[in-house]
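Reviewing the structure listed below.
What follows is the structure, given as C-alpha cells:
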C-alpha cells in the first residue's frame, strides 16, 4: 500500500516546525522531566512485579514441605497439605489440553492458511477477539447453564474442563494464527512449487516451523486456565474433596482453594493460604519462564 | 494448483484436511453464540416476571426477602466506582510506561521490562486479591477515614494493577508500529524526543492507545476475584469509592452457587450476566474495530 501525503500530516503540523524549540532551555528541561517521569512509571511497574513475587515468596516459603504438597487437608482445613487441589488443577489442565488445544490450533490454522478476507471470516475474527473479552464469571454462568445443567454433567471436572476450554480458546487461536503468519510466504510457495498439496505443505513445512510459537501459545492458554477461578465457581469446584480419580467427580483446584482459604472468616490458616499462593504462582512462573527461554532460543536458531 | 504430479489420494487428503480444519475453525463462533443463547434462555423468566428496565434501573437489591427486589443499580454503580478508580490509576501509569518503553528506553531495558510485564499477565488474579488483602487493605484502614479497608477504592487500585499489562503491551505495540520515518522527520526539524512523542507519535498511534484503554476497561469491568475479595460486597448504592461496594461480577460470583436452580433469583443473576456480556461485548467491539483501523493505517 502506498501512503498518501495526507497520512504524513502530523509531521507537518505547524507546532512541529518551530525550529528554535530545539535550542530552547525550556524544551530540554521538559524533556528531562518527562523522561524521568515516564521512566518512574515504567520502572515502578517492574519493581511492583518484583515486589509481588518477593513478598509472595517470603510469606509462602515457610509453609512449603513435602507433606504440604503431597498430603490432603486435615483438621477441618487448618492443617495438612494441598495435594487434592494440585491434582484437580492438573486434571483441569489435561482436560483443557484435550478440548481447547485441537480446536484452538485448528482455528488458528484455518484463519491463517485457509480463510480469506471474506465477510463471514471477518465476523469470525471479531467473534474470537470478543470471546477473549467476555468476563470469566460470564463463562462460569454459561458453563453452569450449558455443561452442568443442560448437558447434565453436573458439578464435575468435565464441566469445569469444558468451561475453562471456552475461556482458553481465544488465547490459543490468536497465538497460533500469529505464529503461522510469521512464516514467510516464500517457504509455502517453494513447497507448492515442488508439487506439495496444501495439507502436505502445512504438515511438512509450515507447522514444524511454527511449532515453537504454537506451543508457547498453548502453554499461555493452559496457564490462564490453571489460574482462573471464576469459571469453575459454579461448575464443580469443591471446598474439600478427595483426590479426583475420574472426570465425573467434583474436585478441588488451586486458585479456588486459595480464594476460599484467604476469605475464611472462622478458621484462618495463613500458612496454607500463602503456601497455596506460592505453589500456584510458582508453577505458572516456572512454566512460563521456561517456555519463554526455550522460544527465544528456537527463534535465534531460526533466522530468515 | 492442479499440477499433474499430485495424485488422487493426495488431493483427497488435502480436501479432507481442509474440511476438518474449516469445520473446527468455525466452532469458536458457535461457542460465542451458545454463550449468548444460554444467557438469554436462562434470563427469560426474569425478563418476563421482573422486566428488564425495573432490573437495570431498580435501586434495591433484596433478592432473598419475601418481597424480593431485583435492582441492578447497586451492582452497576459499584462496578462503575471500581472501574473509575482502576482506570484512573492504570491508564496514566500504563500509557506513560508504554511511552517510555517505545520512545526513551534502551533496547536492553525494553526487552527485560517487556518480559517482566508479560510475566505479570500470568499471575492469577486471586493472588493479586490475596496480596491486596494483606498489604493494601491494612494500609487503607490506617490512613483513610474508613471503618474497614474492604471498599471500592482498594478493589479499584488492585484491579488497576491487574489491567496494567494489557494497557502497557497494547499501547506499546501501537506506539512502535508508527513508522520510523515520522520520528526521523520530527527529529530533523529539531524536536526533542518528548516533543516528537507528544506531537507526532501519540497522535499517529492514538487509535491504538484508545483501543488499549478500551480493552483495559473491559478487563476492569469483568474482573471478578479481586473485587469479590476486596470490594466489601455491601448491598447499598455506594456514593463514593470510600464505601463498601458490590459489583456486577462479584454479585454473580457470590450468589449463583447458592440459589435454587431455575428460580427467579437464579434467572435474575443470568440477566445480570447478560447485561455484563452486552457491556463488555460493545466495549470490545469498539476496541477491535479501532485496533483494526490503526493496524491498517501503517501496514505497507
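Protein chains in written order, with the working numbering: chain B, 1420 to 1723; chain Z, 1185 to 1484.
Even for Gly, the Cβ is constructed at its ideal location relative to N, Cα and C.
Spatial neighbours of residue 1575 (chain B) in its chain, beta-carbon cut-off 7 angstroms, leaving aside the 5 residues before and after: 1655, 1666, 1667, 1668, 1669, listed in sequence order.
Contacts that residue 1322 (chain Z) makes with chain B (C-beta to C-beta distance below 9 angstroms): None at all; the shortest Cβ gap to chain B is about 13 angstroms.
Can you find the residues in the same chain that come closer than 7 angstroms, C-beta to C-beta, to residue 1464 (chain Z), ignoring five residues on each side of it along the sequence? 1402, 1405, 1406
Give me, in chain order, the residues of the same chain whose beta-carbon lies closer than 6 angstroms to that of residue 1395 (chain Z); leave out the 5 immediate sequence neighbours on both sides. 1471, 1474, 1475
Any C-beta of chain Z under 8 angstroms from that of residue 1597 (chain B): no
From the DSSP output, in three-state form, read off residue 1495 (chain B) for me. Correct three-state label for residue 1495 (chain B): coil.
Helix, strand or coil at residue 1660 (chain B) [DSSP, three-state]: DSSP places residue 1660 (chain B) outside both helix and strand once states are collapsed to three, so it counts as coil.
Pairs of beta-carbons, one from the segment 1450 to 1457 of chain Z and one from the segment 1234 to 1253 of chain Z, closer than 8 angstroms: are there three or more? Two segments are said to touch when three or more pairs of C-beta atoms, one from each, lie closer than 8 angstroms; by this definition the segment 1450 to 1457 of chain Z touches the segment 1234 to 1253 of chain Z.
Tell me which residues share the same chain as residue 1223 (chain Z) and place their Cβ nearer than 7 angstroms to its Cβ, disregarding the 5 neighbours each side in the sequence. 1454, 1457, 1458, 1461
For residue 1553 (chain B), return the contacting residues in chain C, with the cut-off set at a CB-CB distance below 7 angstroms. Considering every chain present, this structure includes no chain C. Its protein chains are B and Z.
Does any residue of chain Z bring its CB to less than 8 angstroms from the CB of residue 1429 (chain B)? Caution applies to residue 1429 (chain B), whose pLDDT of 49 falls short of 50 and renders its modelled position unreliable; the model cannot decide the point.
Where residue 1254 (chain Z) falls: helix, strand or coil (DSSP): The DSSP-derived three-state label of residue 1254 (chain Z) is strand.
According to DSSP, residues forming a beta bridge with residue 1670 (chain B): For residue 1670 (chain B), the beta-bridge partners assigned by DSSP are B:1656.
What are the uninterrupted segments assigned as alpha helix (DSSP H) that are 4 or more residues long and contained completely in the segment 1303 to 1348 of chain Z, given in chain order? 1309 to 1315, 1321 to 1327
Ordered along the chain, which non-local residues of its own chain (more than five positions away) have a Cβ less than 7 angstroms from that of residue 1440 (chain B)? Confidence in residue 1440 (chain B) is poor, its pLDDT being 47 and thus under 50, which makes the residue's placement too unreliable to answer from.
Give the residues of chain B in contact with residue 1198 (chain Z), contact being defined as C-beta atoms less than 7 angstroms apart. Here the neighbours are 1616, 1617, 1618.
In this structure, what does DSSP give as the bridge partners for residue 1246 (chain Z)? Paired residues: Z:1253.
Please check if any C-beta of chain B sits within less than 8 angstroms of the C-beta of residue 1308 (chain Z). yes
Report the neighbours of residue 1467 (chain B) on chain Z: residues whose CB is nearer than 9 angstroms to its CB, in chain order. Simply 1304, 1345, 1348.
C-beta contact flag for residue 1373 (chain Z) and residue 1388 (chain Z) at 8 angstroms: no
Identify every run of the alpha helix (DSSP H) within the segment 1529 to 1562 of chain B, keeping only runs that are complete inside it and at least 4 residues long; order them along the chain. Listed in chain order, the complete alpha helix (DSSP H) runs (minimum 4 residues) inside the segment 1529 to 1562 of chain B are 1538 to 1550, 1555 to 1562.
Name the two residues that bound the continuous alpha helix (DSSP H) containing residue 1430 (chain Z). No alpha helix (DSSP H) contains residue 1430 (chain Z), which DSSP labels as neither H nor E.
Using the C-alpha atoms, what's the distance from residue 1307 (chain Z) back to residue 1477 (chain B)? 17 angstroms
Return the Cβ separation of residue 1421 (chain Z) and residue 1258 (chain Z) in integer angstroms, given the expectation that the two are a contact with Cβ distance under 8 angstroms. 5 angstroms
Give me, in chain order, the residues of the same chain whose beta-carbon lies closer than 6 angstroms to that of residue 1691 (chain B); leave out the 5 immediate sequence neighbours on both sides. 1680
Nearest by alpha-carbon distance to residue 1398 (chain B): which of B:1557, B:1572, B:1580, B:1556 is it? Not covered by the structure: residue 1398 (chain B). The range shown for chain B is 1420 to 1723.
Could you compute how far the alpha carbon of residue 1400 (chain B) sits from the alpha carbon of residue 1624 (chain B)? The requested residue 1400 (chain B) does not occur in the structure, where chain B is confined to residues 1420 to 1723.
Does the beta-carbon of residue 1485 (chain B) have 16 or more other beta-carbons within 10 angstroms, so that it is buried, or is it exposed? exposed
Using alpha carbons as the reference points, say which of Z:1469, Z:1477, Z:1479, Z:1478 lies closest to residue 1550 (chain B). Z:1469
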